[in-house]
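Here's the structure, in structure tokens; my notes come after.
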């Protein structure tokens, strides 16, 4: 069981300034949970920009290669057919399906990567600090160790503008 | 923010309203009609429909193209308007995306039912088979269509579902008992942590970037089903852009119809406002004008080409036995949207609803005109015939509308119909913008104060704007 001090804010600006204040006091922040994406927060908390775009690009390349190879194999290599005297290697006719498969692979490749890195897997227990984080509260969690003075941490959190401070024990 | 959550979750958490039940029962009757008509068609074959040797495509492909077209607006709203940073899309994108999915489902039911032997639908897929691996013909636009429509459906589904995750999590965190378990399962353990939001936004943006060319490609490919043939009236290069514009036009009309119903049935008048409806009407007007231009261009090119078959095909549309279908199309699609130039009319809810229905009817007739009037005059005058729909033609179509609305009604009952997280963000940003505007008006600038935890006046400029004038 890990122990956390959980602070709830009711405004994103207060949250941002609170984080700065806590960081200058040397408090380590576990994570922040917000009801909507708060821009600028990722820089404060030190989250790197997402590299899912690279994943999408790689999966897209895989998609276009698979589509091209599939069509080439089927109607050029495996069973060349004479359809109205048209060529057996019609690269221009390959374009629509190559495009669709690129989009399909890029979307699903990226989507699945997103679910996996985000641990969005069916049946997982959500690592919730406070249920109001998906409603109207901005929730900040600070890990507590045995040597921490809980009262001091609480006071610090309250000073930073939190409207509510509580303790939480969680398996995560 | 808590009020937003309450308002949007209310239809999901509470008992359904009377309006919802009425809508659901009517839709469900439609669904039953579909089950009967489509079931009968599949049992006895497409001889149940009014098709004949000359007119081999009629209500089926008309309705298929109509549904695919309707499906375009959802992705347009959620993807293209996202890329253009049109924030007003936020209250309507969720229902528009759902509409896309359901419309494409209806389109797919048509692909299946019109096959005659629907159990062999997998013949359209490039699968190894017992005929010495006789693969599908990749030169055929119909094969491209299989890939385009299925990709469009699956990608739209992913886009919609990822967008829903945070809102399902909101419902989960408010629910109790079994509902909590079910929503918990579908929320995939979403927490709203900083990292997940960063990834979420990246995914949404890239998906929007991917879906934008996809949505254009889908109707382009659908139009190629016609354009790559040699039938006069079909064999035209204008088809791809013309079909895409028509798709957006009809899709927005359908979104308009649905939004007007939804805001009433679900009491979401504060979220889907007159402002949204007016903007949608403007898009309907613009795309309607593009469609009108395309109709006129078609006529001009038919004359200018000097090809007598082409000229006959268009003359026959205007004044042949199906003249009424052509003029319904012209009135509904070209003339009626022009009324939206008047602000009084485009901000009138009843009129908007009326026009949205009119446009839907007009766009159905557009496809009917393209398909049936082009086919019914064959190269051989001895095979010239008329097409007469049977009960099952009408039944499958009316039934598919029932399927669509049943799915939509179930959706607005069980999932948040408005993207909550996005509306909350919009509220915050617009209130910030409003604060700045007010400050500029008063000659003050505000800044955030960590000491007080609120916004304070930073500077007050004494010279007011007007004072510089002599």
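Chains as they are written, first to last, in my numbering: chain V, 7 to 178; chain U, 633 to 1102. Note that beta-carbon positions come from the ideal geometry of N, C-alpha and C, so glycine has one too. Owing to the predicted nature of the structure, the values given are computational and were not obtained by experimental measurement.
**Asked** If we ignore side chains and look at the alpha-carbon of each, how far apart do residue 109 of chain V and residue 851 of chain U end up?
**Response** 15 Å
Notebook entry, point to check: Between the segment 734 to 759 of chain U and chain V, which residues of the former have CB atoms less than 9 Å from a CB of the latter, in chain order?
Noted result: Those would be 758, in chain order.
- Query: When the Cα atoms are used, what is the spatial distance from residue 115 of chain V to residue 942 of chain U?
  - Reply: 46 Å
- [ ] Check whether the segment 868 to 883 of chain U touches the segment 990 to 1000 of chain U, taking contact to mean three or more Cβ pairs, one atom from each stretch, closer than 8 Å.
- [x] In the pairwise beta carbon analysis, the segment 868 to 883 of chain U is classified as touching the segment 990 to 1000 of chain U: at least three pairs are separated by under 8 Å.
Report task. To the nearest angstrom, report how far apart residue 911 of chain U and residue 743 of chain U are at their CA atoms. Result -> 34 Å
**Report entry** 8 Å Cβ cutoff, residue 634 of chain U in contact with chain V
**Finding:** yes
Assess contact between the segment 886 to 900 of chain U and the segment 641 to 654 of chain U, defined as three or more Cβ pairs (one per stretch) separated by less than 8 Å. Is contact present? Counting C-beta pairs closer than 8 Å gives three or more between the segment 886 to 900 of chain U and the segment 641 to 654 of chain U, which meets the contact rule.
Once you ignore the five residues that flank residue 1022 of chain U on each side, which residues in its own chain have a CB closer than 8 Å to its CB? 680, 681, 682
Quiz item: Using a beta-carbon distance below 8 Å, is residue 930 of chain U in contact with chain V?
Solution: no
TODO: Report yes or no: is there a C-beta of chain V within less than 8 Å of the C-beta of residue 794 of chain U?
DONE: yes
ask   = Per DSSP, which one or two residues make a beta bridge with residue 175 of chain V?
value = V:9
In chain order, what residues of the same chain lie with their CB nearer than 6 Å to the CB of residue 160 of chain V, ignoring the 5 residues before and after it?
-> So the qualifying residues of the chain are 171.
List the residues of chain U whose Cβ lies closer than 7 Å to the Cβ of residue 99 of chain V, in chain order.
770, 771
Q) When the Cα of residue 815 of chain U is compared with those of U:1017, U:645, U:986, which residue comes out closest? A) U:645
Q.
For chain V, check one thing: does any of its Cβ atoms lie closer than 8 Å to the Cβ of residue 779 of chain U?
A. For residue 779 of chain U, the answer is yes, since a Cβ of chain V falls inside 8 Å of its Cβ.
- prompt: Under a CB-based cut-off of 8 Å, is residue 904 of chain U close to chain V?
  reply: False, the Cβ-Cβ gap to chain V never drops below 8 Å.
Open item on the list: So that I know if they touch, is there some Cβ in chain U lying closer than 8 Å to that of residue 42 of chain V?
Closed with: yes
Please list the terminal residues of the continuous beta strand (DSSP E) segment that includes residue 147 of chain V. 144 to 150
So what does residue 170 of chain V bridge to, in DSSP terms? V:14
**Asked** With a CB to CB cut of under 7 Å and the five nearest residues on each side skipped, what residues in its chain are close to residue 734 of chain U?
**Response** 1036, 1039, 1040
In chain U, which residues lie less than 9 Å from residue 89 of chain V when you measure between Cβ atoms? 769, 771, 772
Closer than 7 Å between beta carbons: that is the criterion. Which residues of the segment 27 to 40 of chain V meet it against chain U? 27, 37, 38, 39, 40
Review point. Where are the beta strand (DSSP E) runs, 3 residues long or more, that stay fully inside the segment 897 to 922 of chain U, in chain order?
Key: Look at the segment 897 to 922 of chain U and you find no whole run of beta strand (DSSP E) that is 3 residues long or longer.
>> Considering Cα atoms alone, identify which of U:810, U:1050, U:793, U:808 is closest to residue 819 of chain U.
In response: U:793
* **Supposed close pair residue 1051 of chain U, residue 725 of chain U - CB separation, criterion 8 Å** => 6 Å
- Exposure label - residue 1019 of chain U; buried when at least 16 CB within 10 Å: Counting every other CB atom within 10 Å of its CB across the protein chains shown gives residue 1019 of chain U a total of 16 or more, marking it as buried.
Subject >> Rounded C-alpha distance that separates residue 998 of chain U from residue 863 of chain U >> reply: Looking at the two C-alpha atoms, the distance is approximately 17 Å.
*Can you give the Cα-Cα distance for residue 832 of chain U and residue 101 of chain V, rounded to whole angstroms?*
Straight-line spacing of the CA atoms in residue 832 of chain U and residue 101 of chain V works out to 30 Å.
Notebook entry, point to check: Which chain V residues are close to residue 828 of chain U, counting only those with a beta carbon under 7 Å from its beta carbon?
Noted result: 124
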